[in-house]
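Take a look at the structure set out below.
Numbering (our numbering), first residue to last: 46 to 361.
As C-alpha cells, this is what we get:
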C-alpha cells in the first residue's frame, strides 16, 4: 500500500513540475484529514469551529504548494459537502508553513487585486498563521452570489503560503499549483469542481443580465443591425441569447437554463445611451414560440433587462 501511495504521489508531483495546468489530482482519502475532528477557530470571516464528517465528504483532492513552480513546500487538500468547502494546508518533511492567505470564489472580479490586476494576498479574506496545519470551512454563500455546490460548477482557489525550511530557516513563498493568473504575476490559481456525495441535482435560482457589460452594468444595444446578444448569469456564465424584432424582445436559453418564478422579467428599463436616464417600461406577458420566449415592449436604443432564471441538473 505504501509503495502504491509513493508511486501515485510521484506521478502527481511530476505533473506539477512539468506543467501546472491540470484538471484535478485524485488520491486515496487522507486518513489524517478525515480523522481531524475539530477545525481551528479564528475570528476571520467564514472560518468556523466544526467537525469534518467522513460520510458527508467527497474524496479529497491534493494540490501541491509550489515555490517558483518547482519546489514543493506542502500541500492543499480540498473536499466538500452539500454546502461547505473543506480546505487543509500543511507543510511537508522539509518545510513548515508559517502563514497562509487564501481566496475562494467563482469569478475573478471578486478577487482582491490592484489596478494592474495583481492579486493582493494581504486582502484575502482567509488568513492564518503559526499553525501545524491550517483548516478552513467555507460556506457556499461565501463563494459567490447564488453559488451552489450541487450545481457542480467550478470555483477558483488562490492559496499563498509562507514556508520555512526546517533545517536552514530559509523562507520560501509558495502558491497552490495551477494556472498563472497573468503573465506579470507569479501567482497561480487552482480550479476545483465540487462533487456531491449524495449525487446532487436540483434547480438553482440565479439573476441574469442582457447584452454586453459596460462599467459594471449590462446594456442590450438595440442600435446594432445584427442585435443578437448574450444573456449572462450572475456567475458570469453565458446562458443564452436575446434579440429585438418588430416590437418584441426575444429570449433563448442554453440547455439546462430557463426562466424562474412568477416574475421572470425581474426589471425592464429603456434609455437613449448607456449610463443615461432610465425609463421603467411595462411589458406584455411572457409568451413562448417553439424554443423562444418573448415580451412586447416600446422601442428604445438601449435596454437594461434583469431576468429571474434557474439552472437545473439531475447530477454532477
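Ideal Cβ positions, reconstructed from N, Cα and C, are used throughout, including at glycine.
Worksheet item: Out of curiosity, what's the CA-to-CA distance linking residue 106 and residue 122?
Response: 6 Å
Worksheet item: When DSSP labels each residue in this structure, what does residue 161 get in the three-state scheme?
Response: coil
Worksheet entry | residue 353 versus residue 146: straight-line alpha-carbon distance, rounded | 35 Å
Item to complete: Using the DSSP secondary-structure output, state which residues sit across from residue 358 in a beta bridge.
Response: 247
Fill in: Reference residue 344, options 357, 313, 300, 333, closest by Cα
313
Worksheet item: Should residue 302 be counted as a contact of the ligand MN given a C-beta to heavy atom distance under 8 Å?
Response: Absence of the ligand MN is noted for the structure shown, with no ligands found whatsoever.
Discussion item. Taking 8 Å as the cut-off, does the region 186–203 touch the region 145–161 (at least 3 CB pairs, one atom from each stretch)?
Written reply: yes
Practice prompt. Sort 109, 298, 288 by Cα distance to residue 348 and report the nearest one.
Written response: 288
Discussion item. For residue 193 and residue 265, I'd like the C-alpha separation in whole angstroms.
Written reply: 28 Å
Discussion item. Bridge partners for residue 131 per DSSP, in chain order?
Written reply: 124, 182
Fill in: For residue 170, three-class secondary structure by DSSP
coil
Worksheet item: Under 9 Å, do residue 226 and residue 163 count as touching if we go by C-beta distance?
Response: yes
Worksheet item: Whose CA, out of 126, 292, 296, lies closest to the CA of residue 327?
Response: 292
Worksheet item: Is it true that the CB of residue 144 sits closer than 9 Å to the CB of residue 175?
Response: yes
Practice prompt. Name the one or two DSSP bridge partners that residue 304 has.
Written response: 354
Fill in: Beta carbon of residue 338 nearer than 9 Å to that of residue 298
yes
Practice prompt. Following the continuous beta strand (DSSP E) through residue 330, name the residue where it begins and the one where it ends.
Written response: Careful: residue 330 lies outside any beta strand (DSSP E) and carries neither H nor E.
Worksheet item: How would you write the range of the beta strand (DSSP E) that residue 233 sits in, first residue to last?
Response: 233–237
Fill in: Reduced DSSP secondary structure (H/G/I, E/B, other) of residue 299
coil
Fill in: Terminal residues of the beta strand (DSSP E) in which residue 201 lies
200–210
Discussion item. Determine whether the beta carbon atoms of residue 131 and residue 181 lie at a separation below 9 Å.
Written reply: yes
Worksheet entry | Whole-number beta carbon distance between residue 203 and residue 234, since they are thought to touch under 8 Å | 5 Å
Discussion item. For residue 109, report the span of its beta strand (DSSP E) as first-last.
Written reply: 106–112
Worksheet entry | Integer Cβ distance of residue 251 from residue 280, believed to fall under 8 Å | 7 Å
Fill in: Bridge partners - residue 277, DSSP secondary structure assignment
254, 283
Discussion item. Between which two residues does the beta strand (DSSP E) holding residue 314 run?
Written reply: 310–316
Discussion item. Just to confirm my understanding: we take residue 76, look at its own chain, exclude 5 residues before and 5 after, and list those with CB closer than 7 Å. What are they?
Written reply: Confidence at residue 76 is low in this model, with a pLDDT of 36, below 50, so the placement of that residue should be treated as unreliable; the coordinate-derived value is given next. If we look at residue 76 and ignore the five residues flanking it on each side, it has no Cβ neighbours.
Worksheet item: Per DSSP, which one or two residues make a beta bridge with residue 224?
Response: 234
Worksheet item: To which residues of the same chain is residue 336 closer than 7 Å at the C-beta, ignoring the five residues directly before and after it?
Response: 297
Practice prompt. Under the assumption that residue 220 contacts residue 232 (Cβ atoms under 8 Å), give the Cβ distance between them as a whole number of angstroms.
Written response: 6 Å
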